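Comments concern the structure below.
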Amino acid sequence: MGNDFKRGFLIFDKSWLLDNAFMRSLSHAEHRIMVYLLCSVLRIPKECGRYKSGEIIAKLYRRSGILFVNASQEKIAENCGLSRTTAYRSLRKFRNHGAILKVFDGPENGTSDIHIVGFEFEKGKKQGKQDYFLIDSLALRSGRKLPDEFRKDVEENFQNWVLRPEARMWKEIFGIGAKLLPFGARAAA
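Heads up, the sequence shown is in this note's numbering, so the first residue is 888 and it goes up one at a time.
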């Protein structure tokens, strides 16, 4: 098991996962992979040559607060102590339910997949930033799939997306009230 996974697994607060129906439905291996993905979120404020698409990821993180994971199936399998087939099947299940959204990055060979796992919003200067992971959406918490229209909108428009969705959508997805909406979404509402 890789050192990155051990370090992230120990510091990640997993208490909120216990009341999540989707997380309870996962096998042990799938659970490990999901926790690994959540621990591997990239928060790079400027271009980083360490990642294949570091420039795009940094720009979208700064502009829209999109939380990405850039990891190959092989790296996920290696760090979680699983086979690549298990990693592939788990990622496919997560994509089918909307727990992660795959951003098209060339052919489907699993060498360097980029996934959106959530969003970071600044609630206010005093309250700071808060992460809204897709796994913590109202639909997945109750064991349903994330709505297709939300998934499709994010997957198709993530590069030019400046948090312009309607307030209704954010309330339906994350249960965010109008006062807690990010500035761009408040302006669009």
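From the three backbone atoms N, C-alpha and C, an ideal C-beta is built for every residue, glycine too.
This one's a predicted model, so the numbers in the text were calculated from it and none came from an experiment.
In this chain, residue 1046 is not harboured by any alpha helix (DSSP H), its DSSP state being neither H nor E. Burial state of residue 915 is exposed, judged by a 10 Å Cβ sphere holding fewer than 16 other Cβ atoms. Burial state of residue 1015 is exposed, judged by a 10 Å Cβ sphere holding fewer than 16 other Cβ atoms. Distance between residue 1006 and residue 946, taken at the CA atoms: about 14 angstroms. In this model, residue 909 and residue 1024 are separated by some 10 angstroms (Cα to Cα).
Distance between residue 942 and residue 970, taken at the CA atoms: about 30 angstroms. In terms of Cβ geometry, residue 1062 and residue 1032 do not form a close pair [threshold 7 angstroms]. For residue 920, the enclosing alpha helix (DSSP H) has its first and last residue at 915-926. In this structure, residue 952 lies near residue 1008, with their beta-carbon atoms less than 7 angstroms apart.
Taken through DSSP and simplified to helix, strand or coil, residue 983 comes out as helix. The three-state secondary structure of residue 1016, taken from DSSP, is strand. Within the same chain, 1030 come within 7 angstroms of residue 912 by CB-CB distance, once the 5 residues on both sides are set aside.
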